[in-house]
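The structure under discussion appears below in the form of structure tokens.
There are 2 protein chains.
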Amino acid sequence: MEKIGFVGLGIMGKPMALNLLKAGFEVIAFNRTKEKVEEIIKAGGKAANTPKEVAESSDIIITMVSDSPDVKDVILGEDGIIFGIIEGSVVIDMSTISPSVTRNIAEKLKEKNVEMLDAPVSGGDVGAINATLSIMVGGNLSTLERCRKVLEAMGKTITHCGTNGMGQTTKLCNQILVSVTNMAVAEAVLFAQKSGLEAHTMVEATKGGAAGSWQLANLGPKMVNEDYAPGFMIDLQQKDLRLVIEAAEEMHLPLPALTYVHQLYKSNQANGEGREGTQALYKSVKRLA
Amino acid sequence: MEKIGFVGLGIMGKPMALNLLKAGFEVIAFNRTKEKVEEIIKAGGKAANTPKEVAESSDIIITMVSDSPDVKDVILGEDGIIFGIIEGSVVIDMSTISPSVTRNIAEKLKEKNVEMLDAPVSGGDVGAINATLSIMVGGNLSTLERCRKVLEAMGKTITHCGTNGMGQTTKLCNQILVSVTNMAVAEAVLFAQKSGLEAHTMVEATKGGAAGSWQLANLGPKMVNEDYAPGFMIDLQQKDLRLVIEAAEEMHLPLPALTYVHQLYKSNQANGEGREGTQALYKSVKRLA
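Protein sequences appear in the order of chains A and B. With our numbering as the guide, the letters of the first sequence map in order to residues 1 to 289. With our numbering as the guide, the letters of the second sequence map in order to residues 1001 to 1289.
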């Protein structure tokens, strides 16, 4: 069995690392706050003091941290993975970060004869716990095949999306779809409510046809019930939408609808609703009325 | 069997009337241009010279015309249904029109002891031909029950949405969902294409999760293939979106995303693409880039 290094034991990373242990892999883990490593040790894993140390004793190193600068930091920064890595190993970044930063890091690793995969996920903490994540992979297909068993220990659907950065690009497309479709649901629910139409009936009547979406079926009823408990938190969605907008800027690409939803989520954040679920977009749409 | 009057034998109305004949109902039909009645006569139906004449020999009169003024005209105008109608009959308007106009007409018919249902449909000409339409019904539930067999001859899913106008309101919610979700797909496909990501792969990777929608699964691949043959035509979508915006105006309700999509479809119309399918929204999104 290959030895897996794991850097970043947050709400997503910890259950993913535990699933690797469950699947029989050796796991050596690093996390900035040390307490989170305890659970990995209890489950049979080992702890390292730096990302460099993780790399020194791993065949495949997974990073699962918050944002582009964090990935740069744990791979290229002081005591970073790149300073301990063994030629021929693979780095898999499963964070959601900038496609162009991803390509830069992949080039730096290439100089050390190390292949990188970008493999961001969707499916949330529930998917991380149940090992049912969707994993969108950028990088060499042969490298993906080498790592497939590892990815299969954490996810259900594994799609090869193209070269380095294309996993991240696919994830950002996913976030465009999720956000603007959510907007469709929010405006339809508001129109129904203001018209005196029972909005649950509207959702039931429309969700099976051309109007149907995951967002409508799952978030529509929550909007109607004013249930704003987070499935996916607005603050996290905003970080992903910032990545979309930055990538679009790099390409000089206007995305008016996505940008508008980003602004409405800012209204949520300004009103102290950043830790509510994305369905609270409905509150911002209502604030306009 | 009840006698059914049918006014409006367009691309939707004709197959619906034929399905009523197939189900064993007597049908007497009127259409402004006479040739279209021929097929109804061949199939065993009768022709009338005016909507009034249709009403004189029908228990239930269905109207399926283009827009609010047309429905007003065939029901309340010269030689209209209201001048021939028998007390106790029912008028079912299956056109997509204004909810408030619907309520006005229903009140006028009530004065004659005639109940009205608004019963707009979704599912397009294919649904009309195969009798698989979704029918969204506003009006008394008892009136709906009286007419259920008639509606079942034309559609598969029949939902009681509330009082008069609520069928129309549900249909307009459906069009908000369809249009803004379509926008989500157009921006995601464009982002993918500009990024050099194979957009079919993106659609496949995202459509099964929280990003998924009918629009993504069905129109996404058409955008990627630049296949703009109409499933549902932009010119028709625009008429429905005008109804949404008018109804929103009456309620002083801002719908920024829906209004923006309406503007982009105007760009399609301005560029001679009004008779293309709604997936040609992608062309307008591309024109911005």
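Positions of the beta carbon are idealized from the N, C-alpha and C atoms, including for glycine.
By a beta-carbon distance limit of 8 Å, G167/A contacts C161/A. Their separation comes to about 5 Å. Contact residues of the segment 261-284 of chain A toward chain B are absent (C-beta to C-beta distance below 7 Å). A distance below 9 Å separates the beta carbons of L18/A and A43/A. Contact residues of the segment 193-204 of chain A toward chain B are K194, S195, G196, L197, E198, T201, M202, E204 (C-beta to C-beta distance below 8 Å). For the pair T259/A and L172/A, the CB atoms are not nearer than the 9 Å cut-off. DSSP, reduced to helix, strand and coil, places E26/A within a strand of the structure shown. Counting only residues of its own chain and dropping the five nearest sequence neighbours on each side, K36/A has a CB closer than 7 Å to the CB of L9, K14. Beta-bridge analysis with DSSP links H160/A to V137/A. In the three-state reduction of the DSSP assignment, F232/A falls in the coil class, being assigned neither a helical nor a strand state. For M64/A, there is no enclosing beta strand (DSSP E), as DSSP marks it with neither H nor E. For Q1237/B and K108/A, the gap between their C-alpha atoms comes out near 50 Å. Between G1220/B and V1178/B, the C-beta spacing is not below 9 Å. Beta-bridge partners assigned by DSSP to K3/A: E26/A.
Closer than 9 Å to the CB of S1098/B there is not a single CB belonging to chain A. Residue contact check for I176/A against chain B: a CB pair falls below 9 Å. In this structure, A131/A keeps its C-beta atom at 9 Å or more from the C-beta atom of I85/A. Taking all protein chains shown into account, T181/A has 16 or more neighbouring C-beta atoms within 10 Å of its C-beta and is therefore buried.
Linking S1284/B to E1226/B through their CA atoms gives a straight-line distance of about 13 Å. In the assembly as shown, N1113/B is an exposed residue. Its beta-carbon has fewer than 16 other beta-carbons within 10 Å. The Cβ-Cβ distance between W1214/B and A210/A falls below 9 Å. Taking C-beta atoms as the reference points, M16/A and F6/A count as a pair closer than 9 Å. Counting only runs of at least 4 residues, the segment 1183-1210 of chain B fully encloses the following alpha helix (DSSP H) elements, listed from N- to C-terminal order: 1199-1206.
Where V91/A is concerned, the enclosing beta strand (DSSP E) starts and stops at 90-93.
Contacts between C1161/B and chain A, judged by CB atoms closer than 8 Å, involve L197, E198, T201, M202, A205 in chain order. Spatial neighbours of S1098/B in its own chain (CB-CB distance under 8 Å, excluding positions within 5 residues in sequence) are listed in chain order as S1068, Q1168, L1243, E1246, A1247.
Under the criterion of beta carbons closer than 8 Å, G1231/B and G1277/B qualify as touching, at roughly 5 Å.
Between E1115/B and T159/A, the C-beta spacing is not below 9 Å.
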